[in-house]
Structure formats: C-alpha cells, structure tokens
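Trainee: Just dropping this structure here.
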Amino acid sequence: MKGRPDSSPFVRLFGRFLREQGLPVTHQREAVAEVVFGSGEHLSVDEIERVLRSDGQHIGKATIYRALDLLVRSKLVAELDFGEGFKRYEHRLSADPIHEHLICLNCNAVTEFQSDEVHRIEAMVSARHGFRPTRHKLEIYGLCQECTVAGVEVTPEGLTCPIETV
Ligand SMILES: [Zn+2]
Ligand SMILES: [Zn+2]
Numbered sequence: 008m009k010g011r012p013d014s015s016p017f018v019r020l021f022g023r024f025l026r027e028q029g030l031p032v033t034h035q036r037e038a039v040a041e042v043v044f045g046s047g048e049h050l051s052v053d054e055i056e057r058v059l060r061s062d063g064q065h066i067g068k069a070t071i072y073r074a075l076d077l078l079v080r081s082k083l084v085a086e087l088d089f090g091e092g093f094k095r096y097e098h099r100l101s102a103d104p105i106h107e108h109l110i111c112l113n114c115n116a117v118t119e120f121q122s123d124e125v126h127r128i129e130a131m132v133s134a135r136h137g138f139r140p141t142r143h144k145l146e147i148y149g150l151c152q153e154c155t156v157a158g159v160e161v162t163p164e165g166l167t168c169p170i171e172t173v
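First residue of the sequence shown? That's 8 in the working numbering, and the numbers climb one at a time after it.
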C-alpha cells in the first residue's frame, strides 16, 4: 500500500471540468474522485464502493460508474482492463504518470515498473513507421514472485495474451 497522496487539487480540477461541461458538481461525484485521487492503487468499482462505505458514504454502484465515466472523460483518471472481467481505475497524474504493469493471473496483484528500454522501443518502432507517438501501454501477464514461491501453477492457456484468445 502506498501512502495517500493529497487528493484535493485534483478534486478541484475535476470540479472545474464538470462546470465546463455544464454538469453539476455533486458531493457524490467529488467523493468518488477523492477515493481515486487519494489512492496509488488500481481500484475496481467494488473496491471504491468499499472505501466509500467504510467512510460512512453509501453511494450506489450506478452513481459510482457514472462518476468514473466522467473522471475518465476529464482525462484525470485512466480506465484499465486487466482481463479480469471488470475495469480498474487509476489516477493518471500520480507520482509515476508513465509506468507499465505486471499483472498476476493468480492473485491479481499489479506491480508497476518504469523502463527506459520501453521508451526506446516506442521511439524506435514509431520512427520506423513514420508514426508520431503520444503514449503507450504495456501489460505483462503471468505469475508474481509470491505466487511462484507458493508453488502456484497456471495452465498454458492462462498465460496466453488475452487479446489473442478473445
Ligand atoms: Zn500472484
Ligand atoms: Zn498503474
């Protein structure tokens, strides 16, 4: 667990986005934004609901989904799909804005890493194709160290790229 960064400047930015869109800045929308901006994790809707509830806030799933949709549209939050059957949400302007993900297929642990090599590959491949890159996304699926040490095995199917199997 990382520390909880100060979420208030980002909640204010989100409020500004809502007003620019002519949308009401509701307490519920701000509460969902606060949870996402206050976390360094990749949160599912269930997890966001749990954090809100432990704060004594009972906000329905539909309202949370709608708030997340607006957060993604504001470009302050990234929507991630790690092939778990549901989406996760991450603060895009966190301490490490550009990072890649290692995703454990057994315990769903997500590890972040940064790599100069990946940036070099992005530049090299883009140049080769006359392409002007703005961003990239790399997700590596497999078994985390803890699961490997615990002797977990995954079937070869479980280790194939979900893009190829869908
Ligand atoms: Zn694991
Ligand atoms: Zn991340």
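Glycine included, each C-beta is placed from N, C-alpha and C at the ideal position. Note that this is a predicted model, so its numbers are computed, not measured.
(1) Whether or not the segment 15-30 and the segment 51-68 are in contact is what I'm after, with contact meaning three or more pairs of Cβ atoms, one per stretch, closer than 8 Å; do they touch?
(2) To the nearest angstrom, report how far apart K9 and L83 are at their CA atoms.
(3) Taking the continuous alpha helix (DSSP H) assigned at S126, which residues delimit it?
(4) Where E97 and L30 are concerned, what is the direct C-alpha to C-alpha distance, given to the nearest angstrom?
(5) Tell me which same chain residues have a C-beta within less than 6 Å of the C-beta of F93, skipping the five on either side of it?
(6) At the level of alpha carbons, what is the spacing between D88 and G45?
(7) Please indicate yes or no: does the CB of E200 lie closer than 7 Å to some heavy atom of ligand 1?
Mentor: Reading it off the structure:
(1) no
(2) For K9, the predicted structure reports a pLDDT of 42, less than 50, and the residue's modelled location is therefore unreliable. The matter cannot be settled from this model.
(3) Sequence check: residue 126 is His here, not Ser. Run containing H126: D123 to R135, per the alpha helix (DSSP H) assignment.
(4) 22 Å
(5) S51
(6) 20 Å
(7) This structure leaves residue 200 out entirely; the chain is present only between 8 and 173.
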